[in-house]
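Quick note: the sequence shown, position 13, residue 13 per full-length UniProt numbering, numbers continuous.
For each residue, glycine too, the CB sits at the ideal point set by N, CA and C.
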Amino acid sequence: MADGGADSAEAPGAPATPRARARSAALWGIVGGFAFLALAQGYRLLGPGSLPVGLGGVALVALAVAAASAGITYLAEARLRAKRRT
1 MADGGADSAE
11 APGAPATPRA
21 RARSAALWGI
31 VGGFAFLALA
41 QGYRLLGPGS
51 LPVGLGGVAL
61 VALAVAAASA
71 GITYLAEARL
81 RAKRRT
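Here you go:
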């Protein structure tokens, strides 16, 4: 007989293995970096002028945004899962 009692309540979704957390964080980092690049391009096209940094500076800032968003995602996911908010 299948055990479907109230004692077998598991968290939904895939288990939070370190590899799955790192992959999720990396993907969110890529999303953050590309979102910054899209905003920078929109500013260059529609804004009052050019940006104070060149193309290399924009790329470095995009990498920093990607790294920050990946790090924040990696740290926040464990906290959210512990509070069952995912």
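Return the residue from the list the options that minimises the CA-CA distance to residue i.
i: residue 38; options: 83, 62, 27 and 70; result: 62
i: residue 24; options: 77, 46, 56 and 51; result: 77
i: residue 30; options: 45, 51, 44 and 72; result: 72
If the criterion is Cβ atoms closer than 8 Å, does the pair residue i and residue j meet it?
i: residue 70; j: residue 26; result: yes
i: residue 53; j: residue 33; result: no
i: residue 58; j: residue 35; result: no
i: residue 74; j: residue 16; result: no
Over what stretch of residues does the alpha helix (DSSP H) that includes residue i continue unbroken?
i: residue 24; result: 18–46
i: residue 79; result: 55–82
Could you check how far apart the C-beta atoms of residue i and residue j are, in whole angstroms? I think they sit under 8 Å.
i: residue 51; j: residue 43; result: 7 Å
Would you verify that the beta carbon of residue i is, or is not, closer than 8 Å to some beta carbon of chain D?
i: residue 51; result: No chain D appears in this structure, which consists of one protein chain only.
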